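Peer 1: Let me give you the structure first, and then I'll get to my questions.
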Amino acid sequence: MNWQLPLMLAQTDSSRLEELRERTEAISMQGTTVPDSSLVREGTSNPFATEYWFPTQASSFAGEVDFLYMAVFWISLIFFVAIVGAMVYFCVKYRRKDGVIAPEPSSSHNTAIEILWSVLPSIILVWIFYVGAETWFEMRIPKENAEEIQVTAKQFGWLFTYEDGDQTNELHLVRDKPVRLIMQSEDVLHSFFVAAFRQKMDIVPGRYTYAYFEPIKDGVYRLSCNEYCGTGHSKMKTACIVHVSEEDRKNNTKWIEAEKTPFENGQRIYQIHCSGCHKVNGEAATGPALNLIWGENEKMIDGTTELVDEDYVLSSIWYPEKHIVEGYGPVSKMNSFKGILDQKDVDYVIAYLKELKNTSGDAK
Amino acid sequence: MVDASTRQKLFGTPETNFLNCTKGWKSWAFTLDHKRIGIMYLIGVTIALFLAGVFALVLRSHLFTFDSKMLTDDMYNQMFTLHGAVMVFSFIIPSIPAALGNIVLPMMLGAKDVAFPRMNLASFYLWIIGTGCLLAAILSGKGLDTGWTFYTPYSIDTNTGVIYATFGAFILGFSSIFTGLNFLVTVNTMRAKNQGWFKLPLFVWSLYATAIIQVLATPVLGITLLMLIAEKTLHIGIFDPKYGGDPVLFQHFFWFYSHPAVYIMILPAMGVISELISVYSQKRIFGYSFIAFSSVAIALLGFLVWGHHMFTSGQSLVVTLIFSAITFTVAIPSAVKVFNWLATLYKGSILLNTPMCYALSFIFLFGIGGLTGLFLGALSTDIHLHDTYFVVAHFHFVMVGGTLTALLGGVFHWWPKIWGRMYNDFLGRVGCFLVFSGFNLTFFPQFVMGSRGMPRRYASYDPEFQIFHQLSTVGAFVLGLGILLSFVVLVYSALRGPRCSSNPFRAASLEWQSSSPPDFHNFIHTPVLTDPYDFETQVYDEELDTYIPREFANPDKVAPRKEPVHH
Chain A
26 MNWQLPLMLA QTDSSRLEEL RERTEAISMQ GTTVPDSSLV REGTSNPFAT EYWFPTQASS
86 FAGEVDFLYM AVFWISLIFF VAIVGAMVYF CVKYRRKDGV IAPEPSSSHN TAIEILWSVL
146 PSIILVWIFY VGAETWFEMR IPKENAEEIQ VTAKQFGWLF TYEDGDQTNE LHLVRDKPVR
206 LIMQSEDVLH SFFVAAFRQK MDIVPGRYTY AYFEPIKDGV YRLSCNEYCG TGHSKMKTAC
266 IVHVSEEDRK NNTKWIEAEK TPFENGQRIY QIHCSGCHKV NGEAATGPAL NLIWGENEKM
326 IDGTTELVDE DYVLSSIWYP EKHIVEGYGP VSKMNSFKGI LDQKDVDYVI AYLKELKNTS
386 GDAK
Chain B
3 MVDASTRQKL FGTPETNFLN CTKGWKSWAF TLDHKRIGIM YLIGVTIALF LAGVFALVLR
63 SHLFTFDSKM LTDDMYNQMF TLHGAVMVFS FIIPSIPAAL GNIVLPMMLG AKDVAFPRMN
123 LASFYLWIIG TGCLLAAILS GKGLDTGWTF YTPYSIDTNT GVIYATFGAF ILGFSSIFTG
183 LNFLVTVNTM RAKNQGWFKL PLFVWSLYAT AIIQVLATPV LGITLLMLIA EKTLHIGIFD
243 PKYGGDPVLF QHFFWFYSHP AVYIMILPAM GVISELISVY SQKRIFGYSF IAFSSVAIAL
303 LGFLVWGHHM FTSGQSLVVT LIFSAITFTV AIPSAVKVFN WLATLYKGSI LLNTPMCYAL
363 SFIFLFGIGG LTGLFLGALS TDIHLHDTYF VVAHFHFVMV GGTLTALLGG VFHWWPKIWG
423 RMYNDFLGRV GCFLVFSGFN LTFFPQFVMG SRGMPRRYAS YDPEFQIFHQ LSTVGAFVLG
483 LGILLSFVVL VYSALRGPRC SSNPFRAASL EWQSSSPPDF HNFIHTPVLT DPYDFETQVY
543 DEELDTYIPR EFANPDKVAP RKEPVHH
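Following this line, the structure appears as structure tokens:
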């Protein structure tokens, strides 16, 4: 196989990588083309090969997606050839001969054959559904210990914030390291799409959406906005660079360095806005304590339970009346912070809550 | 048994017919005749088709090179939006039901008109007003750049003419509801004496199933669009997250209508194909009841699958899984229809004239459109293909390869009935060939692009896709040429074509028992109720050079009937 570009990267030729990175950054900012190493494939002129239809399989589940695609491709092809073949054959064989308009009498009904051609395709469809759903669970359910990267989309660009608070305009990943993207939009709908990963997820303003995958091949891939978002939609592209190691990523990425970690920012927001009503030492106050809630299932006054995740925290801060924890009812005593804390601030609060949970957990 | 002069009166070329019985523009503008309203609808949707077709050719020309400067990004966005909005709301949805259905459906029931003729005319005027509002978005100088789906919150943020366009779509919704309601009541109450449900032509079944969707689903779109207008002007906080609304809720509402709307587009087309395949094979349609009930099954299941447009929208995992499963069930009734059409061809007497060529190309193109739906119904592959050119190709294969092809086939089939004049079959087939080959050239390369990750609605694209875009653009012009040629052939035939008889193709459904063109009241006599798929009921009359029901024929000259075989 001709993996020229990825191989070059694999040799951690940092000058080559730097050059590529600069090039991709320079042009992606202008909104034109991002070179995509997933396009370097072999045997691309044979339309029956997987390689013809797809870019490189750069994520752990890409191979499974392509497998189902090709399976459906062959099933469809067999059915299509049979249908059109029969049609053409009948049209030639039974074409109207001069003067004879009425055909010989033949059957016009057969329940057995109707049942046969309803049931047989049904079985195939159940199989397609099953295989599709199986891979899709893998695409939608997060892996343990995945690296968390915040994705902020806006008309018409991308911002990626890593766990330590540093940011980039391209997405920098490490090979074989699973990622969980926590995505938000500052304006309208966008969609995260990297064809080489076969992964796609809409980014919806006013809430968080998530995408998971594990890059398995290093290289430079195209990351594009896939949900129409206005004038510059087609320019909303950037590069996704998969590095061979953590060290490689650290050294070969132009970071926009953060002055404070997300935890520190979150702590400051907590002290200004939240500490009056919420304690972090496990004691109940006007509102529930915040130090142990992250990732837990909390009981609400209506008897339901809610998982404390990004969306829960966001809606609790913006719309406190939506979720009232048992023991703090019947109405929320908290005012809405919508317009005071934006989604970025909520990100910091979340980082703070996570860290509190970790350290409190250790103390136990 | 009747004499020759009565036969001449009933089936010969009439002196007065619905076209010339009254004159002047008022006799058309205020007509309550379903045939005239149908013709006006046909003219209307043709104008919409040409307009939206020109938008398509402009945007395809722009896409000829990857860094094209022909249009600005904003102009490109407006172009695909207007192409989609006009095609969907003003062309495809009314095309077969309101134009062809209007003309043919009452006659297939042996009726004089639809149940509510005034409502029928009102439907047409609402169509004009609605289309006018849609186009007012352009004339106001603002244009429209949301995509035909009006997704929030972009449609709330943009300064283009969203209010004009959504109001237009709202009114077009009423036009569609009026047609649907009319057809439901007409089929229920105005069937010929003893014409049970299983003696109806399958085109009537498909229009009935379509009408159910039109009446039940369209109000949801109407109220959604009104809420969008309210959100845009009053900020009520339902769809816009800035005011506490949920943009995904809009998608649910929108697709709750717009997915069933896909079946408003394709079901009547399937009905037309059932007629054409049977008549031009001169063979009883195979599996009548399976085709009939599959239409109803598609209409009902179509209400339960809207979420498959939203697999990547962030809706819950369980919901997504259920929508995927139900989506696959819709594939079965569609496949059943195709298999039954094939079985009808078997041992038929197949005439490859223009309408039949369209019917066969329908099977080919709808086959691809339907099968590629499997890639999109399956969850893992849909995540990759969603909103790429693969989807664009898939729905064009269904809507253009399906609905437009069937519309052209149906128009050619019933054209001699409407005008009493025959079309040029050779040129008609050339047009069909151009439409078929141009269409494939346009949309097949888009499957490749989509699989390789080319997103839709992109004004510029990456160089590796250029060759496929170029094929696609060339194909679009061939397709345009084919439609134009068919248009010329049809118009020439309506005006100057050779006279034709009442039933030149030996069709057995009731509309062929009228003269060509039909009388103002459709039938001079009460039509003899015949089985629409029993062609032995029609016998050749030498004097009139046409096929007439056996009951009216001269018994001395008629061969005994061949009994059909039932297994």
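Quick note, the sequences are listed as chains A and B, same order.
My numbering applies: residue 26 is where the first sequence begins, and numbers increase by one.
My numbering applies: residue 3 is where the second sequence begins, and numbers increase by one.
C-beta: ideal position from N, C-alpha, C; glycine also.
Every value quoted in this text rests on a predicted model; they were computed, and no experiment measured them.
1. When you compare the CB of residue 325 of chain A with every CB in chain E, is at least one pair closer than 8 Å?
2. Which whole-angstrom value describes the C-beta separation of residue 185 of chain A and residue 176 of chain A, a residue pair presumed to lie in contact below a C-beta threshold of 8 Å?
3. With 8 Å as the threshold, decide whether the Cβ of residue 276 of chain B is near any Cβ in chain A.
4. In angstroms, rounded to a whole number, what distance separates the CA positions of residue 31 of chain A and residue 474 of chain B?
5. May I ask you to report which of helix, strand or coil DSSP gives residue 178 of chain A?
6. Per DSSP, which one or two residues make a beta bridge with residue 20 of chain A?
7. Out of A:226, A:350, A:172, point me to the one whose CA is closest to residue 329 of chain A's CA.
8. Should the stretch 259-277 of chain B be regarded as contacting the stretch 80-100 of chain B, the criterion being three or more beta carbon pairs within less than 8 Å?
9. Please list the residues of the stretch 328-340 of chain A that have a C-beta atom closer than 8 Å to any C-beta atom in chain B, keeping them in chain order.
10. Give me the Cα-Cα distance between residue 40 of chain B and residue 418 of chain B, rounded to the nearest whole angstrom.
11. Would you say residue 318 of chain B faces chain A, with C-beta separation under 8 Å as the test?
12. Along the chain, which unbroken stretches of the alpha helix (DSSP H) at least 4 residues long are found entirely within the stretch 327-365 of chain A?
13. In whole angstroms, give me the CA-to-CA distance for residue 264 of chain B and residue 247 of chain A.
14. Taking Cβ-Cβ distances shorter than 9 Å, what residues in chain B pair up with residue 79 of chain A?
15. How is residue 267 of chain A classed by DSSP in three states: helix, strand or coil?
16. Could you give the C-beta distance for residue 252 of chain A and residue 214 of chain A, rounded to a whole number, given that I count them as a contact under 8 Å?
17. Nearest CA to the CA of residue 428 of chain B: which residue from B:372, B:375, B:356, B:53?
18. Compute the distance between the beta-carbons of residue 338 of chain B and residue 70 of chain A, then report whether it is under 8 Å.
19. Would you please state the rounded distance, in angstroms, between the beta carbons of residue 118 of chain B and residue 190 of chain B? I believe it to be under 8 Å.
20. Is any beta-carbon of chain B found at less than 8 Å from that of residue 150 of chain A?
21. Quick one: what does DSSP say residue 54 of chain A is sitting in, helix, strand or coil?
22. Residue 213 of chain B to residue 103 of chain B, Cα distance in whole Å?
23. Buried or exposed: where does residue 340 of chain B fall if 16 or more other Cβ atoms within 10 Å of its Cβ makes it buried?
24. Pick out whichever of B:168, B:107, B:416 has its Cα sitting closest to the Cα of residue 149 of chain B.
25. Run the CB neighbour count on residue 355 of chain A, radius 10 Å, all protein chains shown included, and call it buried at 16 or more, exposed below.
26. Which residues, in order along the stretch 21-32 of chain B, keep a beta-carbon less than 8 Å from a beta-carbon of chain A?
27. Can you tell me whether residue 165 of chain A is buried or exposed, with buried defined as 16 or more other CB within 10 angstroms of its CB?
28. Which same chain residues, not among the five before or five after residue 141 of chain A, have their C-beta less than 7 Å away from its C-beta?
29. In chain order, what residues of the same chain have a beta carbon less than 6 Å from the beta carbon of residue 572 of chain B, not counting five sequence neighbours either side?
30. Which term fits residue 277 of chain B, buried or exposed, when burial requires 16 or more other beta carbons within 10 angstroms of its beta carbon?
31. Name, in chain order, the residues that DSSP records as bridge partners for residue 244 of chain A.
32. Spatial neighbours of residue 174 of chain B within its chain, please: CB distance less than 6 Å, with the 5 preceding and 5 following residues excluded, ordered by chain position.
33. So what's residue 153 of chain B in DSSP terms, helix, strand or just coil?
34. Checking contacts by CB at 8 Å: is residue 249 of chain B closer than that to chain A?
35. Can a CB atom of chain B be found closer than 8 Å to the CB of residue 207 of chain A?
36. Could you check if residue 510 of chain B is buried or exposed, using at least 16 other CB atoms within 10 Å of its CB as the buried criterion?
Peer 2: To lay it out plainly:
1. Going by chain labels, chain E is absent from the structure shown, which instead holds the protein chains A and B.
2. 6 Å
3. no
4. In this predicted model, residue 31 of chain A has a pLDDT of only 35, less than 50, meaning its place in the structure is not dependable; the value taken from the coordinates is given anyway. Straight-line Cα distance between these residues: approximately 32 Å.
5. strand
6. No information on residue 20 of chain A is available, as it lies outside the stretch 26 to 389 that chain A covers here.
7. Considering only alpha carbons, the answer is A:350.
8. Output reads yes: the stretch 80-100 of chain B touches the stretch 259-277 of chain B.
9. none
10. 15 Å
11. Closer than 8 Å: no.
12. 335-343
13. 33 Å
14. Those are 386, 453, 454, 455, listed as they occur along chain B.
15. strand
16. Contact holds; Cβ gap of about 5 Å.
17. B:356
18. no
19. Between residue 190 of chain B and residue 118 of chain B the Cβ distance is about 12 Å, and since that is not below 8 Å, they are no contact.
20. It does: the Cβ of residue 150 of chain A has a partner Cβ on chain B nearer than 8 Å.
21. Caution is warranted here: a pLDDT of 46 is assigned to residue 54 of chain A, below 50, making its placement in the model unreliable, and the coordinate value is therefore given only provisionally. Helix at residue 54 of chain A.
22. 11 Å
23. buried
24. B:168
25. exposed
26. none
27. buried
28. none
29. With chain B covering only 3 through 569, there is no way to say anything about residue 572 of chain B.
30. buried
31. A:267
32. 91, 132
33. coil
34. Yes, contact with chain A.
35. no
36. That one is buried.
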